[in-house]
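Comments concern the structure below.
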């Protein structure tokens, strides 16, 4: 992916981090409201263009097709997430299916591969319902189209207000292959029909 295209995608990914729970929020009381629009988190500070790699910097890696987190009993095919017509990043259609942002690195390529999933839906828990409680060291396996599997381990989990989403920290290029899992969490905002925070799991290859 070229520098400008990756930069555009990085900034747009901040938008989806703000809107993820808007599609899958369920109020703790059990009373549900229709999802509403979410504001984009503020992106503070410029991101230098020379930090982004060109396509030639990436080794050929097969497409990711399945996510497995055995300790959390998570198994999901991976939906490929692109951009919507309004320029925002798409979110998984099914709350029980995770999605990989296809305009970023593939799992196993240098840089942060990003996988998004809902914490819940009106029907019950989502694919990442237990992500916030994952212990450090939890293994995350991504199966690829060529039959190979790349394994990561969660090194830390953070919860941040949506309007303080750490875009640069989450999506900026890294020298090694890394993985970010993103969902929603924190308190539920009844007036907006969504959660107030994002939960981010940072993972490195085993």
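Residue numbers (this note's numbering): 18 to 223.
Here a beta-carbon is modelled for each residue, glycine too, at the ideal position from N, C-alpha and C.
Taking the straight line between their C-alpha atoms, what separation do you get for residue i and residue j?
i, j, result
"residue 209", "residue 182", "18 angstroms"
"residue 17", "residue 83", "Here the chain covers residues 18 to 223 and nothing more, so residue 17 does not appear."
"residue 190", "residue 198", "15 angstroms"
"residue 87", "residue 158", "8 angstroms"
"residue 91", "residue 85", "6 angstroms"
"residue 126", "residue 138", "32 angstroms"
"residue 155", "residue 168", "10 angstroms"
Considering just the uninterrupted stretch of the alpha helix (DSSP H) at residue i, what are its terminal residues?
i, result
"residue 185", "184-188"
Any idea which residues DSSP pairs residue i with across the strands?
i, result
"residue 124", "126"
"residue 157", "169"
"residue 84", "93 and 159"
Going by beta carbon distance, what residues of the same chain come within less than 6 angstroms of residue i, once the five residues before and after it are set aside?
i, result
"residue 206", "213"
"residue 149", "202 and 216"
"residue 200", "134, 136, 145, 148 and 216"
"residue 80", "162"
"residue 223", "168 and 170"
Grab me the residues of residue i's own chain with a C-beta within less than 7 angstroms of its C-beta, minus the 5 sequence neighbours each way, in chain order.
i, result
"residue 62", "Note on residue 62: pLDDT 30, under 50, position unreliable in the model; the coordinate value appears next. If we look at residue 62 and ignore the five residues flanking it on each side, its Cβ neighbours are 185."
"residue 141", "none"
Leaving out five residues before and five after residue i in sequence, what residues of the same chain have Cβ atoms less than 8 angstroms from its Cβ?
i, result
"residue 109", "96, 98, 115, 116, 133, 134, 135 and 144"
"residue 129", "121, 122, 187, 188, 189, 190, 191, 195, 196 and 197"
Ends of the beta strand (DSSP E) at residue i?
i, result
"residue 211", "211-222"
"residue 115", "115-118"
"residue 195", "194-206"
"residue 98", "91-98"
Does the contact criterion of 3 or more C-beta pairs under 8 angstroms hold for the stretch 169-186 versus the stretch 90-103? Below 8 angstroms, too few C-beta pairs join the stretch 169-186 and the stretch 90-103 to call them touching: fewer than three.
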